[in-house]
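Participant: Sharing a structure here in structure tokens format.
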Amino acid sequence: MGSVKSIPSPAISTDDRSHEVDHPSSQVMRFGADQPLRLDCGIDLSPFQIAYQTYGELNADRSNAVLICHALTGDQHVANVHPVTGKPGWWETLVGPGRPIDPKHYFIICSNVIGGCMGSTGPASINPATGKVWGLDFPVITIPDMVRAQAMLIDRLGIDTLFAVVGGSMGGMQVLQWTAAYPARVYSALAIACSTRHSAQNIAFHELGRQAVMADPDWHNGGYADRGIHPHRGLAVARMAAHITYLSDAALHRKFGRRMQDRELPTFSFDADFQVESYLRYQGSSFVERFDANSYLYLTRAMDYFDIAADHGGVLAKAFAGIKTRFCVVSFTSDWLFPTSESRALVHALNASSARVSFAEIETDRGHDAFLLDVPEFFDISRAFLQSAGKARGLDGKGG
Amino acid sequence: MSVQEVLPLNGVAAGPSGQFRADHLLVAEMVKPGSKVLDVGCGEGDLLQLLETRGIDGRGIELSREGVNRCVAKGLAVVQGDADTDLVNYPDDAFDYVILSQTLQATRQPRVVLENLLRIGRRAIVSFPNFGFWKMRLQLLIGGHMPRTENLPATWYDTANIHFCTIKDFVELCDKINVKMERSVALDLYGRPVPLNLPWWVWNMFGEQGVFLLSRGQGK
Numbered sequence: 000m001g002s003v004k005s006i007p008s009p010a011i012s013t014d015d016r017s018h019e020v021d022h023p024s025s026q027v028m029r030f031g032a033d034q035p036l037r038l039d040c041g042i043d044l045s046p047f048q049i050a051y052q053t054y055g056e057l058n059a060d061r062s063n064a065v066l067i068c069h070a071l072t073g074d075q076h077v078a079n080v081h082p083v084t085g086k087p088g089w090w091e092t093l094v095g096p097g098r099p100i101d102p103k104h105y106f107i108i109c110s111n112v113i114g115g116c117m118g119s120t121g122p123a124s125i126n127p128a129t130g131k132v133w134g135l136d137f138p139v140i141t142i143p144d145m146v147r148a149q150a151m152l153i154d155r156l157g158i159d160t161l162f163a164v165v166g167g168s169m170g171g172m173q174v175l176q177w178t179a180a181y182p183a184r185v186y187s188a189l190a191i192a193c194s195t196r197h198s199a200q201n202i203a204f205h206e207l208g209r210q211a212v213m214a215d216p217d218w219h220n221g222g223y224a225d226r227g228i229h230p231h232r233g234l235a236v237a238r239m240a241a242h243i244t245y246l247s248d249a250a251l252h253r254k255f256g257r258r259m260q261d262r263e264l265p266t267f268s269f270d271a272d273f274q275v276e277s278y279l280r281y282q283g284s285s286f287v288e289r290f291d292a293n294s295y296l297y298l299t300r301a302m303d304y305f306d307i308a309a310d311h312g313g314v315l316a317k318a319f320a321g322i323k324t325r326f327c328v329v330s331f332t333s334d335w336l337f338p339t340s341e342s343r344a345l346v347h348a349l350n351a352s353s354a355r356v357s358f359a360e361i362e363t364d365r366g367h368d369a370f371l372l373d374v375p376e377f378f379d380i381s382r383a384f385l386q387s388a389g390k391a392r393g394l395d396g397k398g399g
Numbered sequence: 000m001s002v003q004e005v006l007p008l009n010g011v012a013a014g015p016s017g018q019f020r021a022d023h024l025l026v027a028e029m030v031k032p033g034s035k036v037l038d039v040g041c042g043e044g045d046l047l048q049l050l051e052t053r054g055i056d057g058r059g060i061e062l063s064r065e066g067v068n069r070c071v072a073k074g075l076a077v078v079q080g081d082a083d084t085d086l087v088n089y090p091d092d093a094f095d096y097v098i099l100s101q102t103l104q105a106t107r108q109p110r111v112v113l114e115n116l117l118r119i120g121r122r123a124i125v126s127f128p129n130f131g132f133w134k135m136r137l138q139l140l141i142g143g144h145m146p147r148t149e150n151l152p153a154t155w156y157d158t159a160n161i162h163f164c165t166i167k168d169f170v171e172l173c174d175k176i177n178v179k180m181e182r183s184v185a186l187d188l189y190g191r192p193v194p195l196n197l198p199w200w201v202w203n204m205f206g207e208q209g210v211f212l213l214s215r216g217q218g219k
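Sequence lines, in order, name chains A and B.
With numbering that gives the first Met the number 0, letter number 201 in the first sequence gets 200, and the count goes up by one each step, no holes.
With numbering that gives the first Met the number 0, letter number 199 in the second sequence gets 198, and the count goes up by one each step, no holes.
Okay, structure coming up:
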């Protein structure tokens, strides 16, 4: 019987990651003591910074800005090579030259959310008051906090109304929060594979992930940074569990089945005999190379707290009452994290609010992750929606 | 419902020519400009486009993904959904008109759908192929086959249409569920209205499709 192998240590040193936390390889907007970020928990965060990328040019009447909101573990590098992993941008299938969101036509902005670890102020940043990493002293943040910070960035960029706000999963939550909080500032909204509230099942999965992080002896109650270590095993387990929820049984079966990894027979050990096991271990270990464990705790918590209806007396339609924004809602048939039924509830609320809404469910067996993959039907819908919104806004002939 | 209660239709630019279908032009003529309209089973959005040219705020529901995609590509506000299951989620009085164009025969519960139309909208416009049309009758009578026409080309085993009715049947249903018929028009094979001074059975025989403007009856 072979030895029990656990998740390998990250190949990239934590130096790369910690450098990006405060000095990202992207643009940074800094907000001083005179412009604090008012958080839902009642604390004013100040000073703080937001790391962001832009692609394309803002037109003369500032009417072609598109804000891309990233998902839980995404960042501002939506359409360029990632500085830590060296991999392509996380949404280069949708964003980029010749893509539905083309920098030739739009001024594209993508920021790292508050609480993130790629240059926006978060638990991995240095707390200016102590000169040490924030860790668990960082205040708990919410999706509305993230959006409030983005709005401050958009203000600074001199943009009054965004032509479109686009995002999937946690990014889709931000899209919905944008429209509920700043309806007049969002001309069109493309909300993908998301929901107006995080379900009990999703909160349960997040709790599993957080407990995995906290159970790692290297976590040290969130104070691992001072010790120069990182709870990579706990975070990798969290990522493995989460990754399963992003896929579907059918997709996993198609990709791996019960095939073995580099062997014919089982080893009768706890090695990664099955291909699906090695795949998950790889997903876990590559994730910890670029992501901070505490940041994972904070961002999953922000998603858990999200419930737009709760902020409007429990009536979802009230959140969108009288809204002029043009909506397009997209879901995927095999997404069990944000199933179509949740998108339908949103669409019904939007209909009840007299909003202008389109909704399509896309048939795929690729699960929640489908929004990040090459799904032509999804791109066609996104392109068409933005083109028609562009036409209505007078961006004729400039729509992707 | 007697024939006398059926109001006359004037000035409809019907005919097979032109950009828009005759029944769509007829429906559009029934809708007051500036209204808010829900088109249930909107297909590829042709009727919604026609309505938009007339300053009508239109929304659509369509079952097929391809149809929804085409609608979105045209800039229309269309959601993917099923008339049989999704209408219950729409609030009362959400629209001025709810249109069901050539879709009634494809629903599982036409009666429930019809009741929902008049709950969601103050008025409903319903058009459907008339199974009492003489060509239909002839195919069954002489040929012994389930009828197929240019507009309904599918064979009996692969059609989405499961609840065919005649104009007469539909009128009876409206009576039964206390729906008021404000206007009713039968269109012939060429999309022309069947003359109104003809008796009801002629409509049922020579109307290839029926188009009805409905509102809630007394006590509804």
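From the three backbone atoms N, C-alpha and C, an ideal C-beta is built for every residue, glycine too.
These figures come from a predicted structure and were not determined experimentally.
Could you tell me if H76/A is buried or exposed, where buried requires 16 or more neighbouring beta carbons within 10 angstroms of its beta carbon?
Facilitator: buried
Participant: Using a C-beta to C-beta distance shorter than 9 Å, which residues of chain A count as neighbours of N68/B?
Facilitator: Counting only Cβ-Cβ distances below 9 Å, N68/B has contacts in chain A at A359, E376, D379, I380, A383, in chain order.
Participant: Considering only DSSP beta bridges, list what G220/B is partnered with.
Facilitator: Since the first and last residues shown for chain B are 0 and 219, residue 220/B lies out of range.
Participant: The alpha helix (DSSP H) spanning K35/B covers which residue range?
Facilitator: Segment 35 to 39 is the beta strand (DSSP E) holding K35/B; no alpha helix (DSSP H) there.
Participant: Relative to the C-alpha of A82/B, which residue among K179/B, D91/B, P109/B is closest?
Facilitator: P109/B
Participant: With H, G and I counted as helix, E and B as strand and the rest as coil, what does DSSP make of R258/A?
Facilitator: coil
Participant: Between Q208/B and F163/B, is the Cβ-Cβ spacing less than 8 Å?
Facilitator: no
Participant: Buried or exposed for C109/A, going by 16 or more other Cβ atoms inside 10 Å?
Facilitator: buried
Participant: On the criterion of 16 or more Cβ atoms from any shown chain inside 10 Å, does L189/A qualify as buried, or is it exposed?
Facilitator: buried
Participant: So does the segment 283 to 303 of chain A actually touch the segment 53 to 68 of chain B, counting three or more Cβ pairs closer than 8 Å?
Facilitator: no
Participant: If I'm right that V178/B touches L212/B with Cβ under 8 Å, what's the distance once you round it to whole angstroms?
Facilitator: The pair is not a contact, with the Cβ atoms about 11 Å apart (cut-off 8 Å).
Participant: In angstroms with no decimal places, state the Cα-to-Cα distance between Q282/A and I228/A.
Facilitator: 20 Å
Participant: Taking 8 Å as the CB-CB cut-off, is V71/B touching chain A?
Facilitator: yes
Participant: Below 8 Å on the Cβ atoms is my guess for I55/B versus V30/B; work out the distance and round it to an integer in Å.
Facilitator: 6 Å
Participant: If F319/A sits next to A348/A, beta carbons under 8 Å apart, how far is it from one beta carbon to the other, in whole angstroms?
Facilitator: 6 Å
Participant: Would you please state the rounded distance, in angstroms, between the beta carbons of F384/A and S357/A? I believe it to be under 8 Å.
Facilitator: About 6 Å separates the two Cβ atoms, so the contact holds.
Participant: Within 10 Å of its beta-carbon, does I380/A have 16 or more other beta-carbons around it, so buried, or fewer, so exposed?
Facilitator: buried
Participant: Hey, quick one: how far does the beta strand (DSSP E) through I361/A stretch, first residue to last?
Facilitator: Counting along the chain, I361/A sits inside the beta strand (DSSP E) bounded by residues 355 to 361.
Participant: Consult DSSP for K390/A and reduce its assignment to one of helix, strand or coil.
Facilitator: helix
Participant: Counting only the same chain and skipping the five closest in sequence on each side, list residues whose C-beta sits under 7 Å from that of R226/A.
Facilitator: H219
Participant: Quick check on the burial criterion: 16 or more other C-beta atoms within 10 angstroms. Buried or exposed for Q200/A?
Facilitator: exposed
Participant: Are V39/B and V346/A touching if we call contact CB-CB under 8 Å?
Facilitator: no
Participant: Shortest alpha-carbon distance to K390/A belongs to which of Y181/A, N63/A, V314/A?
Facilitator: Ranking Y181/A, N63/A, V314/A by CA distance to the CA of K390/A puts N63/A first.
Participant: Can you confirm whether E4/B, when its beta carbon is compared against all beta carbons of chain A, has any partner nearer than 8 Å?
Facilitator: In this prediction, E4/B scores a pLDDT of 33, lower than 50, which makes its location untrustworthy; no coordinate-derived value is stated.
Participant: Going by DSSP in three states, R253/A sits in which element: helix, strand or coil?
Facilitator: In the structure shown, R253/A adopts helical secondary structure according to DSSP, grouped into three states.
Participant: Kindly identify the DSSP beta-bridge partner or partners of P192/B.
Facilitator: Paired residues: L186/B.
Participant: In chain order, which beta strand (DSSP E) runs of at least 3 residues are fully inside the segment 96 to 153 of chain A?
Facilitator: 106 to 110
Participant: List the whole-angstrom C-beta distance separating Y297/A from G167/A, where the pair is believed to meet the contact cut-off of C-beta under 8 Å.
Facilitator: Y297/A to G167/A, Cβ: 20 Å. No contact.
Participant: Compile a chain-ordered list of the residues in the segment 216 to 227 of chain A whose CB is closer than 9 Å to at least one CB of chain B.
Facilitator: From the segment 216 to 227 of chain A, no residue has a Cβ closer than 9 Å to chain B.
Participant: Would you kindly work out how many angstroms separate the C-alpha atoms of S198/A and V111/B, rounded to a whole number?
Facilitator: For S198/A and V111/B, the distance between alpha carbons rounds to 32 Å.
Participant: I want to see whether chain B comes within less than 8 Å of V346/A, judged by CB atoms only; does it?
Facilitator: yes
Participant: Kindly identify the DSSP beta-bridge partner or partners of Y54/A.
Facilitator: I107/A
Participant: So the beta strand (DSSP E) C68/A belongs to, where does it begin and stop?
Facilitator: 64 to 68
Participant: At least one CB of chain A closer than 8 Å to the CB of G74/B: is that the case?
Facilitator: yes
Participant: Can R280/A and V139/A be called in contact, C-beta distance under 8 Å?
Facilitator: no
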